[in-house]
Each structure stands twice: as structure tokens, then as C-alpha cells.
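**Q** Quick note, the sequences are listed as chains A and B, same order. Quick note: the first sequence uses the working numbering, first residue 2, plus one each step. Quick note: the second sequence uses the working numbering, first residue 2, plus one each step. Quick one: the structure is below, and I'll ask about it shortly.
There are 2 protein chains.
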Amino acid sequence: MASVSVPGMRLAGISAHAPAQVWSNVKVAARLRLARIQRDAQLRRERGHGLTGDEAREFTTSDRWVRRFIGFTERRFSENGEGTIDLATAAARRLLESTDCAPADVDGILFASVTPSYLYSPPDAALLQERLGIPLVQGGLPRETRAADVSLACSSWVAALMLAYALIRSGMARNLLLVGADRMSATINWRDRSFATVLGDAGTATLCTAVPAEEDWFAPAQFWSWLDGGSADIIRTPVGGSRHPLRTCEDLENARHCLAMDGRAVREVLVPFVGGPAIQAALAKAGWPLDSLDLVALHEANLVLNESIVGSWRKRGFRGEVLSAGGRFGNTTSASIPLALALNPAALATGRRFGLFGFGGGLSASFAFGTIRHPLEVAASVD
Amino acid sequence: MASVSVPGMRLAGISAHAPAQVWSNVKVAARLRLARIQRDAQLRRERGHGLTGDEAREFTTSDRWVRRFIGFTERRFSENGEGTIDLATAAARRLLESTDCAPADVDGILFASVTPSYLYSPPDAALLQERLGIPLVQGGLPRETRAADVSLACSSWVAALMLAYALIRSGMARNLLLVGADRMSATINWRDRSFATVLGDAGTATLCTAVPAEEDWFAPAQFWSWLDGGSADIIRTPVGGSRHPLRTCEDLENARHCLAMDGRAVREVLVPFVGGPAIQAALAKAGWPLDSLDLVALHEANLVLNESIVGSWRKRGFRGEVLSAGGRFGNTTSASIPLALALNPAALATGRRFGLFGFGGGLSASFAFGTIRHPLEVAASVD
């Protein structure tokens with residue numbers, strides 16, 4: 002094989018944006034209650050009797066329950082007509098300002114999301130080019146902008162970070178805009194508390210920049226990914242994809258095109274897996290001991306379950322800090338990990354070793370380990 | 002920068018699968034006619050008069066028209082209940098057989114598609130892990146499988162090929178399964194001839210394998226990508242994404258969650274762009290003259306427009322062969338380019354230089370140039 006110089010990658014900046022509309026647990030519980038009353042009245046008309054006790058339970062929650070079993074206090078929802086692209090644009094504009102990066106310096110966009118602004122076309126990466134004013138022409142010819150929309154359920158952002166590293170390390174890009182954004186509120190079935198109590202909307206943008214190899218924050222062995230399609234049913238949208246297209250008003254009314262979850266299976270399968278064998282395999286590949294991690298950020302699907310995962314790690318020697326969004330933004334899927342980083346700028350000190358852990362639907366997991374070797378610009382607009 | 006050995010990439014095999022159900026132009030025209038009659042009757046009830054002449058025209062086509070202006074004779078549609086994953090699985094199984102690659106040898110899946118089998122979750126890459134029996138455990142630990150679902154409208158497959166190259170060249174993968182598959186029939190609005198006359202279903206799988214650098218088929222400069230979100234409206238799905246979620250039966254009945262196209266704008270914007278400045282910029286980056294290309298495959302959205310693009314290239318010195326699916330499979334989006342390769346095995350001879358051209362919604366374009374340096378296994382099950 003030929004020998005060539007290969008660059009490393011740093012994160013030059015991270016920014017996060019959350020919409021202004023706050024939904025407390027109380028408001029979510031009230032919205033579910035309203036849906037229950039409507040559904041009950043509908044069933045009385047249709048079948049002569051209302052919801053059974055079991056059926057009614059799917060609509061029932063409380064602030065106390067959500068705080069205790071999920072650890073969330075509130076989340077943000079986008080306004081009508083605002084999609085994932087709007088969340089991403091706000092975060093990306095802020096990132097370019099804070100890092101003093103001109104649109105003309107961006108040579109690629111990786112857009113991690115499970116809630117594309119539009120089905121099929123146009124891709125969000127293209128919309129972002131226009132929103133940011135990334136130039137169309139350079140030197141009299143169409144200007145190159147590398148691009149892809151990337152999706153891997155709750156592991157989307159770390160998977161896209163891995164692809165950003167591959168593009169930079171292979172010399173194919175030098176200044177990538179990595180977006181992690183999701184308008185999860187668009188996927189909520191208000192007849193099912195399981196996801197209604199957890200999902201939220203946020204956008205993030207991270208600037209991934211080439212650096213000399215000796216300043217690399219990462220290494221190829223410091224990324225780890227995993228798939229288990231045998232448990233795909235645990236987090237699933239029954240109708241609306243190419244396998245079962247949405248064709249009937251009945252499916253629409255029953256929200257079969259919305260996301261559904263088997264909460265118990267998540268708890269019983271994914272939590273012990275991430276708490277044990279997954280981190281063991283990933284650290285073995287990286288050659289890092291668990292006690293070398295100064296800080297970690299886990300996909301924030303459920304803070305109580307994350308505490309249980311971190312508890313397992315602590316028993317095995319983990320002594321680092323755990324960054325999170327503190328249950329104030331809900332499960333923002335592709336935004337959750339960079340949001341946790343952006344909200345905790347003081348923790349991101351040079352020299353610290355971090356672990357980033359995406360896991361969820363698929364099932365899938367995507368982990369990354371790195372060392373902060375440069376100061377980074379962190380900006381959050383979440384008020 | 003440190004010097005390290007970097008591998009190159011070859012395509013070890015390509016396979017394609019199309020479903021058995023053939024839809025001729027005549028059958029498509031009849032299906033549109035049925036939709037017209039139904040819509041006419043509905044409007045008579047709702048507003049007292051049927052379709053106007055202009056409205057009726059959107060349902061009207063003929064075998065002769067489609068052959069003349071699109072160049073397609075037929076396409077394949079999946080059966081009900083079959084989604085993109087089913088097309089991909091058939092192609093991937095065939096690929097593993099023909100290349101003698103065991104599931105345990107696959108270290109990653111890049112799944113290019115605009116029609117995910119399920120919205121939001123599970124990702125198709127995870128479903129494919131299970132379908133192919135890629136092992137879950139290795140050496141007593143969870144086995145690593147790198148993964149991402151990748152989407153960039155009609156440029157998805159070449160964008161994913163670029164990511165495959167980045168992963169292999171950066172030493173992060175050695176044996177990647179690159180899927181290009183779309184069940185486009187799930188996106189058709191039968192009240193609009195513009196896409197109804199062109200879309201089709203197919204799945205493909207390509208094995209991307211690390212080779213010594215001197216045997217590399219590609220180089221970083223041989224990939225080129227472009228975005229223009231300012232023309233995003235040309236190919237667009239009005240409702241159903243996170244920006245405008247599908248909420249009403251009216252939108253469902255009016256198929257506002259289906260793909261729509263401004264055919265004239267595609268012709269006027271995209272065709273001259275790909276025919277001129279885009280290929281010029283891409284070849285300038287690669288340092289390749291146009292007359293060095295022995296064979297090309299263009300995204301098969303419209304064979305007549307592709308002829309016009311190739312006509313422009315010929316005027317500038319292109320003398321190579323044009324591979325296509327010959328209008329027999331429709332516009333299969335992420336499958337179209339590898340399908341054209343798989344259907345023309347005799348053209349894929351060692352030593353030949355090729356160009357692959359994805360372009361479409363976004364707008365987006367993603368091109369790749371390479372040299373065939375090894376024999377490759379080509380398999381197609383399209384009967």
C-alpha cells in the first residue's frame with residue numbers, strides 16, 4: 002500500500018437550537034386526556050361503549066409519573082409549518098457565527114435526522130445549502146458541496162459523525178457541517194403515552210474540521226457500531242413507509258403512521274446491552290479502559306434508564322462526568338447528544354476524554370470515543 | 002501529518018433484483034384512466050361538475066407518448082406488503098452468493114434509498130442485518146457492523162458510494178455492502194401522470210472491498226457532489242414530512258403525501274446543467290478529459306433527456322458507451338445506476354474507465370469516476 006499523509010478531525014464548534022414552545026409534563030398529560038375524551042366519544046358512537054380500562058390507560062400519565070420513570074420535566078415543540086430544516090437552520094446559522102466560518106468555507110453537509118422535512122425529496126442537505134447561502138458557483142464552475150442525509154434511528158448522529166470522520170480522514174472534505182436535528186413532535190401518536198411523554202424537537206450543528214494527524218481527536222478504532230434487526234419491532238412505525246404505505250383514513254385516524262414503542266422491551270433488551278457487552282466491545286476495540294473516560298453523553302431517550310446504564314458502568318470502574326440535557330428537552334433523537342454537549346460548555350475542556358453513545362431503534366448502536374485537543378465554540382439558543 | 006498506508010476500493014460484485022409484476026405503459030395509462038373516472042364522479046358529486054379539460058389532462062397518457070418523451074416501455078411494481086427491504090434483501094442474497102462472500106465477512110451496510118421500509122424506525126440497514134444473517138456475536142462480544150441509511154433524492158446511490166469509499170480509504174471498513182433500492186411505486190399519485198408514468202421498483206447490492214492502493218478503482222478527487230436547494234420545489238412531496246405532517250383525510254385522498262414534479266423545470270434546469278457545467282467541474286476536479294470515459298451510466302429518470310445530456314457530452318468529445326436499463330424498469334431512483342451496470346456485464350471489462358452520474362431532487366448531483374481494475378461478479382434477477 003502507498004503511504005500518504007492523512008489528516009485528523011476536530012470538532013471546532015457545536016451549536017444547539019430548541020423552539021420556544023415549552024410543553025410541560027402537565028400539558029402533555031392534558032393533551033393525552035383530551036385525546037382520550039375524543040376517542041371515548043367516538044367509540045361510544047361506533048361500538049356502543051367507550052374505552053375499556055386497559056384502553057384508557059394508554060392515554061393516562063402525570064407529571065409525577067413522567068418525572069419518576071422517564072426523568073423528563075418538559076420538552077419543546079415546533080410551531081405548525083416548521084420542520085426539521087427550520088431547527089437545523091437556526092442551529093447552523095448560530096454555529097457559523099460563533100466559529101467565524103463563512104458559508105463558502107463549508108465543503109460538505111451531513112444531515113442526521115429521522116424526520117426529514119419532506120418525504121423522498123428534496124433532501125434536507127439541499128434545503129440547508131440554500132438557507133445558509135452556501136455558494137453555488139466557484140471559479141466560474143458549479144461549486145462542490147458534498148452531501149448526504151443520514152438516518153439510523155436514535156443512532157443517527159453518531160453514525161453521521163463516523164461518516165464525517167471517514168470523509169475528513171480520507172482527504173475528501175476539510176470543513177463539514179454535521180447536523181443532528183429532529184422534529185419528533187411530528188411523529189407523536191396522541192393515543193399512546195409511550196412516545197407522547199418523551200419526544201421533543203431540537204436542532205444542532207457541529208463543525209468538523211481537518212487537523213494535522215497528531216492533533217486528531219479521534220482514530221478509526223474509536224468508532225463502534227452495531228445492528229440487531231431481529232428486535233426491529235421494539236421501536237417501529239407500523240404504516241407509512243414503503244412496506245405498508247398509508248392508504249386509508251382509518252390508519253391515519255388511528256395514527257398508525259406514528260412512532261410506537263414497546264417500552265418494556267427497550268428496558269429489558271437495550272439497557273443491559275448498552276450497560277454491559279456493548280461498551281465492553283467498543284472499549285476493547287478502542288483499547289481504552291472504562292476509567293479513562295472523563296465525560297460521557299448518552300442518547301437521552303429516558304434519563305432514568307440512562308442512570309441505570311451509567312450505574313452499570315460505575316460498577317465496572319467508570320468515574321467520569323455524565324452530560325445531559327437534564328430532561329428539559331425530551332428525546333430529540335438525532336439532536337440529543339450534541340444538545341447535551343452544547344448545554345454543558347464548561348465540561349468540554351481541552352485534554353478530557355469523552356464517550357458518545359447513540360442507541361435505539363433498529364436495534365442499533367453507534368459509539369464514538371475521543372479526546373478534546375482544542376478549545377471549541379459552543380453556542381445554545383434554547384430560551 | 003503522519004504517513005500511513007491507505008487502502009483503495011474495488012467493486013467486487015454488483016447484483017440487481019426487480020419484482021416480477023410488469024406494468025406496461027398501456028397498463029399505467031389504464032390505471033390513470035380509472036383514477037380519472039373515479040375523480041370525475043367524485044367532483045360531480047362534490048361541486049356539481051366533473052373534471053375540466055386541464056384537470057383531465059393530468060390523468061392522460063399513452064404508450065406512444067411515454068415511449069416518445071420518456072423512452073420507457075415498462076416498469077416493475079412490488080406486491081402489496083413488500084417494501085424496499087424486500088427488494089434489497091433479494092439483491093443482497095444474490096450478491097453474497099455470486100461473490101462467495103459469507104454474511105460474517107460483511108463489516109458494514111450503507112443503505113441508499115429514498116423510500117425507507119418504515120418511517121423513523123427501524124432503519125433498513127438493521128432489517129438487512131437480520132435478513133442476511135449477519136452474525137450478532139463475535140469472539141464472545143457483540144459483533145461490530147457499521148451502518149447508515151443514506152438519502153439524497155436521485156443522487157442517493159452515488160453519494161453512498163462516496164461514503165463507502167471514505168470508510169474504506171480511511172481504514173474504517175474493508176467489506177461494505179452498498180445497497181441501492183427503492184420501492185418508488187409506494188410514492189405514486191395516480192392523479193398525476195408526471196411521476197406515474199416513470200417510477201418503478203428495484204433493489205441492488207454492491208460489494209465494496211478494500212484493495213492495495215495501487216489497485217484502487219477510485220481516488221478522492223474522482224468524486225464530485227453538488228447541491229442547489231433554491232430549486233427544491235421542482236421535485237417535492239408537499240405533505241407527509243416533518244414540515245407539513247399528514248393530518249387530514251383530504252390530503253391523503255388528494256395524494257399530497259406523494260411525490261410531485263415540475264417536468265418542464267427538470268428539463269430546463271437539470272438537463273443543461275448536467276450536460277455542461279456539472280460534468281465540466283467534476284472532470285476538472287478529477288483531471289480527466291471527457292474522451293477518457295469508456296462507459297457511463299446516468300440516473301435513469303428519463304431516457305430521452307439522458308440522450309440529450311449525452312448528446313451535449315458527445316459534442317464535447319465523449320466517445321464512450323452509455324449503459325442503461327433500456328427503459329424496461331422505470332425510474333428506480335437509488336437502484337437505477339447499479340441496475341444499469343448489472344444489466345450490462347459484458348461492458349464491465351478490466352481496464353475500462355467509467356463515469357457514474359446521479360442527479361435530481363434537491364436539486365442534487367453526485368458523480369463518480371473510476372477504472373475497472375479487477376473482474377467483478379455481476380448478477381441480475383429481473384425476469
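All C-beta atoms, glycine included, are put in the ideal place defined by N, C-alpha and C.
I'd like to check one pair, T205(B) with G230(B): are the Cβ atoms closer than 8 Å?
**A** no
**Q** With H, G and I counted as helix, E and B as strand and the rest as coil, what does DSSP make of A3(A)?
**A** Its pLDDT being 46, under 50, A3(A) is placed unreliably in this model, and the value from its coordinates should be taken loosely. The DSSP-derived three-state label of A3(A) is coil.
**Q** Tell me the DSSP bridge mates of A285(B)?
**A** Bridge partners of A285(B): none, in fact.
**Q** Report the rounded CA-to-CA distance for T351(B) versus T372(B), giving the unit in angstroms.
**A** 8 Å
**Q** Is there at least one Cβ from chain B nearer than 8 Å to Q130(A)'s Cβ?
**A** True, the Cβ-Cβ gap to chain B drops below 8 Å.
**Q** With H, G and I counted as helix, E and B as strand and the rest as coil, what does DSSP make of D150(A)?
**A** strand
**Q** Measuring only the C-alpha atoms, how far is L340(A) from T74(A)?
**A** 16 Å
**Q** Check whether chain A comes within 8 Å of S337(B), counting only Cβ atoms and requiring the distance to be less than that.
**A** no
**Q** What ranges does the beta strand (DSSP E) occupy inside the segment 31-78 of chain A, keeping only unbroken runs of at least 3 residues that lie completely in it?
**A** 75-78
**Q** Exposed or buried, which one is P213(B) when buried takes at least 16 other CB atoms within 10 Å?
**A** Exposed, since its Cβ has fewer than 16 Cβ neighbours within 10 Å.
**Q** What residues in the segment 272-288 of chain B have a beta carbon less than 9 Å from any beta carbon of chain A?
**A** Within the segment 272-288 of chain B, the residues whose Cβ lies closer than 9 Å to some Cβ of chain A are F274, P278, A279, Q281, A282, A283, A285 and K286, listed in chain order.
**Q** Within 10 angstroms of its Cβ, does N81(B) collect 16 or more other Cβ (buried), or is it exposed?
**A** exposed
**Q** Please determine, among G331(A), G288(A), R320(A) and V272(A), the residue with the shortest C-alpha to C-alpha distance to V23(A).
**A** G331(A)
**Q** With distances taken between CB atoms, is the gap from I359(B) to L228(B) smaller than 8 Å?
**A** In the sequence under discussion, the amino acid at residue 359(B) is Gly, which differs from the Ile named in the question. It is not a contact, given that the beta carbons lie outside the stated cut-off.
**Q** Determine whether the Cβ of F355(A) lies closer than 8 Å to any Cβ atom of chain B.
**A** no
**Q** Between T53(B) and chain A, is the shortest Cβ-Cβ distance under 8 Å, so that the two count as touching?
**A** Closer than 8 Å: no.
**Q** Report the residue from I169(A), S171(A) and E254(A) whose alpha carbon sits nearest the alpha carbon of W191(A).
**A** E254(A)
**Q** Report the rounded CA-to-CA distance for E216(B) versus R317(B), giving the unit in angstroms.
**A** E216(B) and R317(B) have their C-alpha atoms spaced approximately 30 Å apart.
**Q** Could you check whether the Cβ of M10(A) sits closer than 8 Å to any Cβ belonging to chain B?
**A** no
**Q** Go to G312(A), then tell me how far its alpha helix (DSSP H) extends in each direction, as first and last residue.
**A** L304 to K316
**Q** Applying the criterion that 16 or more other CB atoms from any shown protein chain within 10 Å of the CB defines a buried residue, is E251(B) buried or exposed?
**A** exposed
**Q** Mapping the DSSP letters down to three states, classify C155(A) as helix, strand or coil.
**A** strand
**Q** Quick check: the Cα distance between P124(B) and T210(B), rounded to an integer number of angstroms?
**A** 23 Å
**Q** Compare the C-beta of I236(A) with all C-beta atoms of chain B and state if any pair is closer than 8 Å.
**A** yes
**Q** Under 7 Å Cβ-Cβ, which residues of chain B neighbour E1(A)?
**A** Residue 1(A) lies beyond the residue range present for chain A, which begins at 2 and ends at 384; the question has no answer from this structure.
**Q** Please report how far the alpha carbon of L342(B) lies from the alpha carbon of S335(B), in whole angstroms.
**A** 13 Å
**Q** Looking at chain A, is there any beta carbon in it that lies within less than 8 Å of the beta carbon of F360(B)?
**A** no
**Q** Between A103(B) and the rest of its own chain, which residues show a CB-CB distance below 8 Å, the 5 nearest in sequence each way excluded?
**A** L97
**Q** Mind pulling the beta strand (DSSP E) runs of 3 or more residues that sit fully within the segment 173-209 of chain A?
**A** Under the rule that a run must span 3 or more residues, the beta strand (DSSP E) segments found entirely inside the segment 173-209 of chain A read 176-184.
**Q** Within 8 Å of any Cβ in chain A, is that where the Cβ of R192(B) sits?
**A** No, no contact with chain A.
**Q** What would DSSP say about F360(B), mapped onto helix, strand or coil?
**A** strand
**Q** How would you list, in chain order, the residues of chain B whose beta-carbon sits under 8 Å from the beta-carbon of T205(A)?
**A** Correct list: empty, because the minimum Cβ distance to chain B is about 15 Å.
**Q** Given a threshold of 16 other Cβ atoms within 10 Å of its Cβ, counted over all protein chains shown, does S226(A) qualify as buried or as exposed?
**A** buried
**Q** Would you be able to state if there are at least three C-beta pairs under 8 Å between the segment 169-189 of chain A and the segment 165-185 of chain B?
**A** Cβ pair count under 8 Å is three or more, so yes.
**Q** Can you find the residues in the same chain that come closer than 8 Å, C-beta to C-beta, to A3(B), ignoring five residues on each side of it along the sequence?
**A** Low local confidence applies: a pLDDT of 46 at A3(B) is under 50, so the model's placement there is unreliable, with the coordinate-based value given in what follows. None.
**Q** Just checking: is the beta-carbon of A3(A) within a distance shorter than 8 Å of some beta-carbon in chain B?
**A** Reliability of the predicted coordinates at A3(A) is poor, the pLDDT of 46 falling under 50, and no value is obtained from them.
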